[in-house]
Amino acid sequence: MQASNLQQEANLISRMERMPLNKALLTLVGLLSWCWVMEAFDLGMIGQVVAVLKKIWDLDASTLGLLGSCSTAGVVIGTASAGFLTDRFGRKRILLWGVFIFTFFTLIGSLYENLAWIVTMRFIGGLGAGAVFPLPYLMLSEIAPAKHRGILVCICNAILTASYLLPTLCGSWAINNFSLDVAWRVPFIVGGLPIVTIYFLHRWLPESPRWLMRRGRHDEVRQLVERLEKSAGIEHDDTFINPDVLRSLEQAAAAERTRTGASWKALFRAPYLSRSLVSWSMYSSGLITWYVVMVYVPTILTTYGFQLSNSVILTGCMMVIGGAGSVVIGPLADKYGRKPIWSLYVIITIISLFLLTSTDSIPMLLFIGSFVAFFGTGIMPVCKVYIAEQYPTELRGVGTGFGEAVSRVVGGVLATYYLAFFLSVGGVKGVFTFMAVAFAIAIIALWIWGQETARRSVEDTSAAPQK
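Just so you know, we're using this note's numbering here: the sequence shown kicks off at 108 and counts up by one.
Structure follows, in structure tokens:
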């Protein structure tokens with residue numbers, strides 16, 4: 108990187124890092140959150156669809172596992188591919204294409220009452236959803252200042268988590284107002300309608316400034332920074348440079364000269380190998396809990412005597428509780444650090460899971476289950492932002508894409524598929540024990556190999572040695 112470009116980028120990044128919360132940043136949060144709301148409805152409806160189709164078609168455990176995991180299989184492939192695509196073509200372009208794919212194939216998924224058709228449409232829709240999943244927190248990590256990055260990602264994730272109430276409400280309404288043969292189609296139709304909002308996302312959503320800088324498009328970054336400064340009431344200063352930002356850029360430039368290019372292989376070499384394993388294990392453990400709540404809780408609750416419509420509503424309430432946990436963890440993680448706050452949430456979750464294995468009381472199951480929802484799914488935003496903080500800009504798309512893909516293979520595909528057999532053979536207590544063990548492995552890995560990233564720029568966290 109030439110010295111003039113280095114100074115220019117240091118100025119632009121320094122100005123972004125000093126930015127207070129303002130209307131423009133919150134608008135960005137709103138746009139990215141909307142992408143996650145659409146996706147939450149798309150992926151969150153599967154629990155209701157599985158529960159309804161199980162009654163209509165008398166599905167066995169293997170078919171239930173297939174229905175529960177087919178979209179996640181698409182998500183895995185989509186996230187892995189999107190990592191490369193976003194680094195090459197830009198975050199915004201891939202985000203918009205991903206939204207189009209999952210809304211379109213969700214909409215047409217309602218056309219035929221055929222298992223193969225539904226599985227295929229869910230899989231293809233999952234490809235688009237996979238492209239979208241990592242991008243809101245990736246884009247926020249590349250725009251938001253370090254002091255606000257955690258809370259902004261957590262606000263987005265809280266909206267995402269709470270949005271899973273929407274498909275449960277839709278599913279419950281459909282079950283109560285239509286025959287089951289029609290009720291399963293309603294979420295597909297409602298989930299596909301937001302395809303019309305792609306136009307507004309294209310018009311109002313900015314491209315990642317750090318990706319633009321990697322492409323030498325500094326004028327576009329300057330326009331974005333000046334728009335943010337105008338919204339915040341800050342004067343433009345083309346000479347302001349934070350020494351810490353400049354030092355991090357110089358270290359990154361020196362490291363880049365020793366690399367042969369950005370490649371997924373770099374994720375499995377020092378210093379990124381340990382960072383990848385730690386962050387991916389954290390995310391995998393959270394996703395196991397998330398998928399248990401989203402996919403299997405409606406079915407689990409019916410085994411305790413709940414009506415199907417009520418079990419769907421209770422599942423949505425658990426997702427809202429998880430959204431509240433996401434809001435709380437944001438400022439705590441920014442103030443006290445990612446590692447201690449994430450660990451506190453996980454320890455409380457592990458204790459709650461073991462308490463669940465020792466009770467058959469329905470009131471206690473619901474009460475303790477709310478703790479699992481609050482703390483166990485509330486960790487998700489920290490997991491997501493922590494992945495993005497591990498890699499330099501040229502590897503961040505690949506790193507987050509692989510992180511999303513690997514974590515969803517473990518937490519979404521394998522765990523979701525085999526949890527159906529856990530439920531049929533060992534019951535819910537075996538599931539709770541499995542979840543607790545996964546969390547224990549992740550927390551040990553974090554404290555042995557994980558670095559603290561709170562209150563540091565992404566240039567600093569990606570260039571710093573492991574601590």
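C-beta atoms are modelled at their ideal positions from N, C-alpha and C, and glycine is treated no differently. Model, not experiment: these values are computed from the prediction.
Of the residues the options, the one placed nearest residue i, counting alpha carbons only
| i | options | result |
| --- | --- | --- |
| L150 | L312, M426, M320, F307 | M426 |
| K130 | L247, S338, A238 | S338 |
| Y219 | A180, V182, D288, V404 | D288 |
| M123 | V332, I395, H343, W143 | V332 |
| R200 | C261, R292, S315 | S315 |
| G518 | K446, F541, L502 | F541 |
| S140 | Y411, N264, K372 | N264 |
| F509 | A552, A238, Q155 | A238 |
| R321 | W556, K162, R195 | R195 |
| I262 | P274, E249, P243 | P243 |
| V535 | V434, T422, V399 | V399 |
| A147 | D165, G299, D567 | G299 |
| F482 | S459, T466, S286 | S459 |
| V260 | F191, L247, R310 | L247 |
| R334 | L132, D567, L553 | L132 |
| G154 | T275, G257, P127 | T275 |
| E249 | V297, P313, F209, V303 | P313 |
| Y271 | I428, P438, L472, A253 | I428 |
| V303 | I548, F209, G137, G197 | F209 |
Cβ distance (whole Å) where residue i is taken to contact residue j below 8 Å
| i | j | result |
| --- | --- | --- |
| T186 | G504 | T186 to G504, Cβ: 10 Å. No contact. |
| T484 | T346 | Not a contact, Cβ separation roughly 45 Å. |
| F207 | G232 | Wrong, their Cβ atoms sit about 11 Å apart, outside the cutoff. |
| F577 | G181 | In the structure displayed, the chain extends from 108 to 574; residue 577 sits before or after that span and is not available. |
| T179 | T523 | 6 Å |
| G175 | V419 | About 15 Å separates the two Cβ atoms, so there is no contact after all. |
| P470 | A570 | Not a contact, Cβ separation roughly 51 Å. |
| A223 | I395 | Not really, about 28 Å apart at Cβ, beyond 8 Å. |
| I448 | F478 | At roughly 16 Å, the Cβ-Cβ gap does not stay under 8 Å, so I448 and F478 are not in contact. |
| V293 | R515 | Actually they are not in contact, since the Cβ atoms of V293 and R515 sit about 26 Å apart, beyond 8 Å. |
| S217 | F285 | Not quite, the Cβ-Cβ distance comes to about 12 Å (not below 8 Å), so this is no contact. |
Residue i in three-state terms, based on DSSP
| i | result |
| --- | --- |
| W291 | coil |
| M108 | Its pLDDT being 49, under 50, M108 is placed unreliably in this model, and the value from its coordinates should be taken loosely. Coil at M108, not helix or strand. |
| T560 | coil |
| M126 | coil |
| A251 | coil |
| V182 | helix |
| S338 | helix |
| L218 | coil |
| R229 | helix |
| G237 | helix |
| H343 | coil |
| P488 | helix |
| A549 | helix |
| Q497 | coil |
| K574 | With a pLDDT of 45 at K574, under the threshold of 50, the modelled position of that residue is not reliable, and no figure is offered here. |
| S355 | helix |
| S531 | helix |
| I348 | coil |
| S392 | helix |
| R503 | helix |
| E314 | coil |
| R200 | helix |
| D326 | helix |
| T466 | coil |
| D149 | helix |
| D167 | coil |
| N118 | helix |
Heavy atom of the ligand NAD within 7 Å of residue i beta-carbon
| i | result |
| --- | --- |
| K199 | Among the components of this structure there are no ligands whatsoever, and the ligand NAD is therefore not found. |
Where the alpha helix (DSSP H) containing residue i begins and where it ends
| i | result |
| --- | --- |
| M426 | 415-443 |
| F474 | 469-478 |
| R310 | 305-311 |
| L408 | 404-410 |
| L374 | It is not in any alpha helix (DSSP H) - L374 carries neither H nor E in the DSSP assignment. |
| I282 | 272-284 |
| L160 | 153-164 |
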